[in-house]
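*Asks:* Sequence lines, in order, name chains A and B.
39 is the number that this note's numbering gives to position 39 of the first sequence; each next residue is one higher, with no gaps.
Position in the second sequence counted from 1, then plus 1000, gives you this note's numbering.
Take a look at the following structure, please.
Protein chains: 2
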Amino acid sequence: MRSFKTVLFVLFAVALSACSKEEKISRDEPIKPIPVSVVVDKEKVDLGKMLFFEPRLSKSGFISCNSCHNLSTGGADNLPSSIGHKWQLGPINSPTVLNAKFNLAQFWDGRAKDLKDQAAGPIANPGEMASTHVLAIDILQSIPEYVQLFKNVYNVDEITIEEVTDAIAAFEETLTTPNSRFDQWLRGDENAITAKEKEGYALFKEKGCVACHNGAGVGGESYQKFGVVKTYENDTETLGRFNVTQNEEDKYFFKVPLLRNIELTAPYFHDASTWNLEEAVKIMAEYQVGLEVSKEEQGKIVSFLKTLTGEQPAIQYPILPPSSSTTPPPDRS
Amino acid sequence: MRSFKTVLFVLFAVALSACSKEEKISRDEPIKPIPVSVVVDKEKVDLGKMLFFEPRLSKSGFISCNSCHNLSTGGADNLPSSIGHKWQLGPINSPTVLNAKFNLAQFWDGRAKDLKDQAAGPIANPGEMASTHVLAIDILQSIPEYVQLFKNVYNVDEITIEEVTDAIAAFEETLTTPNSRFDQWLRGDENAITAKEKEGYALFKEKGCVACHNGAGVGGESYQKFGVVKTYENDTETLGRFNVTQNEEDKYFFKVPLLRNIELTAPYFHDASTWNLEEAVKIMAEYQVGLEVSKEEQGKIVSFLKTLTGEQPAIQYPILPPSSSTTPPPDRS
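The structure is reproduced here in structure tokens:
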């Protein structure tokens, strides 16, 4: 049964990739449309979805990946910073998981090279899910349905964190938001965006925003200093890329965030210093490119930014298997 | 468009109710099959689903109805008691929302007469979602998409808590779990349950469990004292039905919990004193009916109880509209 499904998916993938070769993107712009994603291993993706929504990966049994990367609300929690174990408040705004595959690395400081590497972090972070990889695996291994699913997907009897994070990453790879109105316009539908939105896009390019916010993710492809042309004073303790490289010149460098679905994920910036998208545009113009943008220009740019909201992933809420008599109980302390 | 949809649903409802009139339940047993539920107002149910998953109904913007009544895990959080605002631990185990419509009233002490009445409680409980009805309404009223949805469903411009709880209750009405193996057997499929499970059911009746655990919910239809034949000492501060009636003789009376999907919702009892279903059966027999049940009998009864797990609700995870510039921000303090 499984190999038949796999064959079907591979055929489907081949068919779609044949289509995509034929796709002509009508406009040659620095922003690229999000490619339609193809699920090639549905069984793995489904397992990853279960794990993404699995509160038993946390010490308390209360917090899942989805708690802070809520797929109902743009793939983020829309809080200044996330709430972790025992209501600890995180040090930095949680980025969206939507389209995260388009980032050159994960976390604001890029300390995880990919989605798989990222997924291992919060589970064992004492301020977040506060579990350990050993405990998380003990829990999964105590649940017969999970043992069977890992056997089906990975042909293993003993689950390790490698399979857990691989499956979560496979699910996250599917969390893209294609067919935004902007992408429809990129693909040639002249009427997909309004005159005002086109003016906003023209300003977005003119003012230099597009230098960093480009590609399929409209960002995520480089690290940039917060405060290129003017020192940003608000938040001097969050050191960004420096955490990873220990290079003095990487202080206050952050991964450029994706602007896809940006209207869904206030508050903005690593320090969540504004809830208002117009103000975010103004701050970026002032600190990053040294320009003033008028109220009217802010409005036009924001109207363009809202065209970047794409189709949100259609998620069938997973049903998780019950714990067994040997499952370590949750610990809220 | 809306009236066309309504007509379709009404037709569908009529058709199904015609079918159900023809349904012959083959066995006359004290436990009744869960009727197949019919959604008669999909637009209201969809709005209720959004509100059920809406973290902005809490002060922190982090806790939704689904946080403690998680539809991935049997409609409960499977914690000894729920985690509320600022990690406050609740005083009592959270009952499942699945099949809750079959309860004679809501909460362990029956203080809410129905699902609508219940839904108003946790939003404004300082130990749970810690919001107020005024704040929750201010938030919804500040979000244009919600204003439009309430207009569509209730023909109101000003949202009140009445519509909010009505919509949540309408969604919760749909959260039934029909077609368990036991219900298939009730409907005449002799092979739907095994010989051991049938023996378990026979014991369940013989030992007197069925006196309280009967009907479609396999419970939920009366209040009973925890400790009918033997004083239950563990938990003398949780007074149960007394909270509502102030009658001395109602002390330690609790609503009989539903046994539907019971394998999914450990830990058990209002005080979560056991994670183990065999032990729960033993305790009930000892304190409620004054009988000893052997290990073998416990095993058989538990095997019967597991046949009560039905089809879990198929939920398309809702996409929630973004906050607006006038939405009160979340407050994690």
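Virtual Cβ for every residue (Gly too), placed ideally from N, Cα, C.
(1) Can you give me the C-alpha to C-alpha distance between E292 (chain A) and V229 (chain A), rounded to a whole angstrom?
(2) Taking only beta-carbon atoms, is G1061 (chain B) less than 8 angstroms away from chain A?
(3) Specify whether the segment 319 to 331 of chain A and the segment 134 to 151 of chain A touch according to this definition: at least 3 beta carbon pairs, one from each stretch, less than 8 angstroms apart.
(4) How far does the beta strand (DSSP E) with K1255 (chain B) in it reach, from first residue to last?
(5) Helix, strand or coil for G1121 (chain B)? Go by DSSP, reduced to three states.
(6) In the DSSP assignment, find the alpha helix (DSSP H) that holds Q141 (chain A) and state where it starts and stops.
(7) Does the distance from the CB of L79 (chain A) to the CB of F1226 (chain B) come in under 8 angstroms?
(8) Which same chain residues, not among the five before or five after K1021 (chain B), have their C-beta less than 7 angstroms away from its C-beta?
(9) DSSP state of Q1288 (chain B), grouped into three classes?
(10) What are the residues in the segment 83 to 106 of chain A lying within 7 angstroms of chain B by C-beta distance?
(11) Grab me the residues of E1172 (chain B)'s own chain with a C-beta within less than 8 angstroms of its C-beta, minus the 5 sequence neighbours each way, in chain order.
(12) Got a sec? Which residues, its chain only, sit under 8 angstroms from S1081 (chain B) by beta carbon, not counting five neighbours each side?
(13) What first and last residue would you give for the beta strand (DSSP E) that runs through Y223 (chain A)?
(14) I need the straight-line Cα distance from F1150 (chain B) to I1159 (chain B), nearest angstrom please.
(15) Does K1021 (chain B) come within less than 8 angstroms of chain A when only Cβ atoms are used?
(16) Figure out for me which residue from A:V289, A:H213, A:S58 has the closest Cα to the Cα of P122 (chain A).
(17) Pick out the complete beta strand (DSSP E) segments inside the segment 1049 to 1080 of chain B, 3 residues or longer, and give them in chain order.
(18) Going by DSSP, which residues form a beta bridge with A1092 (chain B)?
(19) By a C-beta neighbour count over all protein chains shown, 10 Å radius and 16 as the cutoff for buried, is K196 (chain A) buried or exposed?
(20) With a threshold of 8 angstroms between beta carbons, is D1077 (chain B) in contact with chain A?
(21) What does S294 (chain A) touch in chain B if you count any residue whose Cβ is under 8 angstroms from its own?
(22) Take N1066 (chain B) as the anchor and find which of A:D109, A:Y317, A:A105 has the nearest alpha-carbon.
(23) Express the C-alpha separation of S180 (chain A) and Y1268 (chain B) in angstroms, rounding to a whole number.
(24) Quick one: which chain B residues come within Cβ less than 8 angstroms of N276 (chain A)?
(25) Run through DSSP, which three-state label would A1112 (chain B) get?
(26) Spell out whether any CB of chain B is found under 8 angstroms from the CB atom of F53 (chain A).
(27) Is T309 (chain A) near L264 (chain A), with beta carbons less than 8 angstroms apart?
(28) Whole angstroms are fine: how far does the CA of P1313 (chain B) sit from the CA of A1202 (chain B)?
(29) I'd like to know whether the C-beta of E1263 (chain B) is nearer than 8 angstroms to at least one C-beta of chain A.
(30) Is there a Cβ of chain B sitting closer than 8 angstroms to that of Q148 (chain A), yes or no?
(31) Just mark T231 (chain A) as buried or exposed, buried being the case when its beta carbon has 16 or more other beta carbons within 10 Å.
(32) Can you tell me the Cα-Cα spacing of F304 (chain A) and F254 (chain A), whole angstroms?
(33) When the distance is taken between beta carbons, is E1296 (chain B) closer than 8 angstroms to L1104 (chain B)?
(34) For E278 (chain A), which residues of its own chain have a beta-carbon under 7 angstroms away from its beta-carbon, when the five flanking residues on both sides are left out?
(35) Can you name the start and end residues of the alpha helix (DSSP H) that Q1298 (chain B) belongs to?
(36) On the three-state DSSP scale, how would you describe Q106 (chain A)?
*Replies:* In short:
(1) 12 angstroms
(2) yes
(3) yes
(4) 1253 to 1255
(5) helix
(6) 133 to 141
(7) no
(8) Because K1021 (chain B) carries a pLDDT of 48, less than 50, the predicted location of this residue cannot be relied on, and the following value inherits that uncertainty. The answer is none, since no qualifying residue turns up.
(9) helix
(10) I83, K86, W87, L89
(11) G1048, F1052, V1097, A1100, K1101, L1115, A1119
(12) L1089, G1090, P1091, I1092, N1093, S1094, A1272
(13) 223 to 225
(14) 7 angstroms
(15) Residue placement at K1021 (chain B) is poorly supported in this model, since its pLDDT is 48, which falls under 50; the coordinates are not used for a value here.
(16) A:S58
(17) none
(18) Per the sequence shown, the amino acid found at residue 1092 (chain B) is Ile instead of Ala. According to DSSP, which records beta bridges pairwise, I1092 (chain B) is partnered with nothing at all.
(19) exposed
(20) yes
(21) Within chain B, no residue comes near S294 (chain A); the closest Cβ sits about 18 angstroms away, beyond 8 angstroms.
(22) A:Y317
(23) 47 angstroms
(24) S1325
(25) strand
(26) yes
(27) yes
(28) 29 angstroms
(29) yes
(30) no
(31) exposed
(32) 24 angstroms
(33) no
(34) Q298, G299, V302
(35) 1295 to 1305
(36) strand
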